[in-house]
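Residue numbers (our numbering), protein chains in the order written: chain A, 1 to 286; chain B, 287 to 572.
Just so you know, even glycine gets a beta-carbon here, dropped at the ideal spot from N, CA and C.
2 protein chains.
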Amino acid sequence: MAKRDGAERPLRELLRVRPGEHVDLGARGADALPAGPSDKAAGVAATAAMADRLASLQERLYAAATAGDRRRLLLILQGMDTSGKGGTVKHVVGLFNPAGCRIKAFKAPTPEELKHPFLWRITKELPQPGEIGIFDRSHYEDVLVARVRAVVPHSRLVHRYDRINAFEKALADGGVTLVKVFLHIGYEEQRKRLLARLDNPEKHWKFDAGDIDERAAWPAYQRAYEVALEKCSTRAAPWYVVPADRKWYRNWAVGTLLLEHLEDMDPQYPPADFDIAECRKRLLAT
Amino acid sequence: MAKRDGAERPLRELLRVRPGEHVDLGARGADALPAGPSDKAAGVAATAAMADRLASLQERLYAAATAGDRRRLLLILQGMDTSGKGGTVKHVVGLFNPAGCRIKAFKAPTPEELKHPFLWRITKELPQPGEIGIFDRSHYEDVLVARVRAVVPHSRLVHRYDRINAFEKALADGGVTLVKVFLHIGYEEQRKRLLARLDNPEKHWKFDAGDIDERAAWPAYQRAYEVALEKCSTRAAPWYVVPADRKWYRNWAVGTLLLEHLEDMDPQYPPADFDIAECRKRLLAT
């Protein structure tokens with residue numbers, strides 16, 4: 001298990017939602033600093049300092065897959081509008097070699113997607129062995145917006161949690177390490193970020209007037225998240241609640257979670273499947 | 287047109303293969319430094335200094351697409367084994383936001399792919415509006431390895447150049463800016479890089495004994511590249527020959543080509559499609 005300097009326990013243990021645990025998001029500070037750096041300069045430096053190890057572990061994972069290792073990692077990012085899903089991809093996933101990343105942003109389902117079971121579109125975007133997959137939103141939308149907006153009847157909704165757990169268990173059994181991250185921001189922080197988008201013409205394209213209507217449903221969304229975190233934080237696929245009011249802390253925390261999981265996976269470069277001396281001789285003769 | 291400091295002409299004009307031009311790769315130095323930085327420290331610094339402008343232009347391109355701009359960029363990387371296609375993706379494409387990149391490495395065609403016309407698998411991987419697509423190998427393999435290994439009869443091969451030109455013209459007309467880069471390395475440099483892979487256990491996974499056999503066909507491959515560059519460097523989709531014996535120069539040159547093309551495209555943030563004052567008022571009332 002990865003240990004961080006000066007920390008008794010790995011971050012994943014501090015942020016993980018335990019199976020059966022009651023989740024009260026209001027009691028979890030969106031601006032908390034549960035471990036690690038305590039100011040922006042230190043946080044930015046600590047995140048940058050992870051880059052080489054993250055990239056090196058990713059290369060090992062990728063290399064191992066060329067020799068049959070089926071393992072891969074899937075980062076799932078969920079959170080309210082402006083919680084920083086896109087920023088996390090840019091600043092944390094950006095530390096990896098992009099060739100080994102498979103990134104998918106899930107939007108509202110298309111008419112084609114709606115014809116299929118809700119997990120259908122998800123299975124098409126899963127990472128291959130050796131890859132790092134990143135979902136910006138995911139199948140959890142189908143128990144979040146679907147619950148808040150009553151898109152499906154409650155009788156169908158309740159089965160979805162079980163189906164998600166079975167699906168994720170099968171993924172884990174197949175070699176997928178799931179890192180499910182809820183980016184937890186506060187109500188006032190969201191207002192601040194939406195206002196910042198309004199105030200900056202270079203951010204207008206990110207603004208959707210519908211976000212203000214969604215904001216009116218804030219308590220219902222928080223409750224929907226609590227239910228999803230409670231029902232779907234399993235041993236095979238735990239949820240992590242990352243305090244995300246501070247962007248630098250969010251980046252450090254997600255980077256650290258990825259690092260801890262990759263270090264646990266401990267992927268190895270495969271041994272040569274050819275005669276090194278013989279190849280060297282042939283090469284020198286060319 | 288983008289101008290670089292101290293350069294009379296943009297790099298794209300220096301490296302471009304002109305329509306109708308005779309291409310002699312032997313006469314083009316793989317270790318040349320036709321413009322820009324002249325040592326590694328300066329080259330690495332100059333590439334790093336491009337990062338913010340590249341990322342900013344990419345965001346504008348992406349933002350413009352949300353308002354209907356159909357434009358996108360497609361970087362095609364071709365070159366002999368060890369020429370640095372993967373390294374270019376890591377070090378140059380890695381400067382972009384990964385969420386806006388669509389990267390595809392084309393391998394030997396699968397049985398399924400072989401059932402279809404050779405451009406079939408290519409069309410499925412094209413970037414969407416606002417995206418930056420990156421092909422590590424491409425449809426050009428179908429006039430390179432296909433020519434050297436006589437995979438298809440010559441009578442079929444000759445039509446492929448025309449089909450490629452028509453295909454790329456249609457892409458350009460549809461808003462795709464093509465940046466086709468041949469990473470030009472020398473015969474001795476390839477030997478050095480293959481030996482380096484043999485000497486480093488962490489690089490054995492990248493080594494394929496078949497690469498030594500391919501190396502025996504070096505002159506035929508160089509000729510196949512010359513033909514492809516001559517026949518398929520069009521006004522709509524020019525080829526650029528990047529001297530790639532020095533990795534730092536290759537990275538700087540590809541970065542600069544991307545920058546010059548993105549600056550020419552000059553994508554713009556779209557204007558707000560909502561009432562800013564009204565949204566601000568509604569938001570403050572929440």
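message: Restricting to Cα atoms, I'd like to know which of 22/A, 173/A, 35/A and 143/A is closest to residue 243/A.
response: Residue mapping note: residue 243/A aligns to position 243 of the first sequence, counting from 1. The residue with the shortest Cα to Cα distance from residue 243/A is 35/A.
field: Alpha-carbon spacing of residue 425/B relative to residue 523/B, whole angstroms
entry: In the second sequence, residue 425/B corresponds to position 139, counting from 1. In the second sequence, residue 523/B corresponds to position 237, counting from 1. Separation of residue 425/B and residue 523/B (C-alpha to C-alpha, rounded to the nearest whole angstrom) is 14 Å.
message: Between the alpha carbons of residue 499/B and residue 428/B, how many angstroms are there, rounded?
response: What you label residue 499/B is simply residue 213 of the second sequence in a count that begins at 1. What you label residue 428/B is simply residue 142 of the second sequence in a count that begins at 1. Going from the Cα of residue 499/B to the Cα of residue 428/B covers about 19 Å.
message: Assuming the contact rule is C-beta atoms closer than 8 Å, residue 515/B and residue 303/B should be a hit. Round their C-beta distance to whole Å, please.
response: On the second sequence, position 229 is the one that residue 515/B refers to. On the second sequence, position 17 is the one that residue 303/B refers to. With 8 Å as the limit, residue 515/B and residue 303/B qualify as a contact, their Cβ atoms being about 5 Å apart.
field: Strand pairing of residue 468/B, partner residues [DSSP]
entry: Walking along the second sequence from the start, residue 468/B turns up at place 182. DSSP lists 364/B and 527/B as the bridge partner or partners of residue 468/B.
- prompt: Are there 16 or more other CB atoms within 10 angstroms of the CB of residue 233/A, so buried, or fewer, so exposed?
  reply: Against the first sequence, residue 233/A aligns to sequence position 233. Under the 10 Å beta carbon count, residue 233/A is surrounded by 16 or more other beta carbons and is classified as buried.
message: Let me make sure I understand the geometry here. Which of 420/B, 533/B and 569/B has the alpha-carbon closest to that of residue 465/B?
response: For the purposes of this step, residue 465/B is identified with residue 179 of the second sequence, where counting begins at 1. Measuring C-alpha to C-alpha distances from residue 465/B to each of 420/B, 533/B and 569/B identifies 420/B as the nearest.
Inter-stretch contact at 8 Å, needing at least 3 Cβ pairs: the stretch 342-351 of chain B / the stretch 547-559 of chain B: Taking a contact to require three or more Cβ pairs closer than 8 Å, the stretch 342-351 of chain B and the stretch 547-559 of chain B qualify as touching.
query: In chain A, which residues lie less than 7 Å from residue 498/B when you measure between Cβ atoms?
result: Residue 498/B sits at position 212 when you count from the first residue of the second sequence. The contacting residues are 279, 282, 283 and 286.
message: Which residues does DSSP list as the beta-bridge partners of residue 136/A?
response: In the first sequence, residue 136/A corresponds to position 136, counting from 1. According to DSSP, residue 136/A bridges with 77/A and 105/A.
- request: Taking C-beta pairs closer than 9 Å, name the residues in chain B that residue 174/A reaches, listed in chain order.
  value: If you number the first sequence from 1, residue 174/A lands on position 174. Correct list: empty, because the minimum Cβ distance to chain B is about 22 Å.
message: Just to check my reading of the structure: residue 207/A and residue 193/A have Cβ atoms closer than 8 Å, yes? What is that Cβ distance to the nearest angstrom?
response: As a first step, residue 207/A must be located in the first sequence, where it is residue number 207. As a first step, residue 193/A must be located in the first sequence, where it is residue number 193. At roughly 10 Å, the Cβ-Cβ gap does not stay under 8 Å, so residue 207/A and residue 193/A are not in contact.
- request: Report yes if the C-beta distance between residue 186/A and residue 71/A is below 8 Å; otherwise report no.
  value: Within the first sequence, numbered from 1, the residue matching residue 186/A stands at position 186. Within the first sequence, numbered from 1, the residue matching residue 71/A stands at position 71. Residue 186/A is not a Cβ neighbour of residue 71/A, given a cutoff of 8 Å.
Residue 358/B - partner residues in DSSP beta bridges: Here residue 358/B is taken as the residue at index 72 of the second sequence, counted from 1. In the DSSP output, where bridge partners are listed per residue, residue 358/B has 462/B.
Simplified DSSP assignment, three categories, for residue 302/B: To locate residue 302/B, count along the second sequence from 1; it is residue 16. Reduced to three states, the DSSP call for residue 302/B is strand.
Opening and closing residue of the alpha helix (DSSP H) in which residue 512/B lies: Within the second sequence, the letter at position 226 stands for residue 512/B. Taken as a continuous stretch (DSSP letters only), the alpha helix (DSSP H) holding residue 512/B covers 504-518.
Proximity to residue 298/B [Cα-Cα], best of 517/B, 538/B, 476/B and 344/B: Mapped onto the second sequence, residue 298/B falls at position 12. Nearest C-alpha to residue 298/B: 538/B.
task: Under 8 Å by Cβ, that's how I've got residue 380/B and residue 98/A pegged, so tell me the actual separation to the nearest angstrom.
output: Along the second sequence, one-based indexing puts residue 380/B at 94. Along the first sequence, one-based indexing puts residue 98/A at 98. About 6 Å separates the beta carbons of residue 380/B and residue 98/A, which is inside the 8 Å limit, making them a contact pair.
- request: Pick out the complete alpha helix (DSSP H) segments inside the stretch 400-459 of chain B, 4 residues or longer, and give them in chain order.
  value: Listed in chain order, they are 406-409, 427-434 and 440-459.
message: Quick check on this structure: which residue in 310/B, 301/B and 295/B has the alpha carbon closest to the alpha carbon of residue 513/B?
response: Here the question's residue 513/B lines up with position 227 in the second sequence. Nearest to residue 513/B by alpha-carbon distance, out of 310/B, 301/B and 295/B, is 310/B.
query: In the structure shown, what three-state DSSP assignment does residue 323/B receive?
result: Residue 323/B sits at position 37 when you count from the first residue of the second sequence. DSSP places residue 323/B in coil when its eight states are reduced to three.
Exposed unless 16 or more other CB atoms sit within 10 angstroms - verdict on residue 404/B: On the second sequence, residue 404/B is found 118 positions in, with the first residue counted as 1. Burial call: buried.
- prompt: How many Å lie between residue 274/A and residue 477/B at the Cα?
  reply: Counting from one through the first sequence, the residue named residue 274/A turns up at place 274. Counting from one through the second sequence, the residue named residue 477/B turns up at place 191. Cα-Cα distance, rounded: 17 Å.
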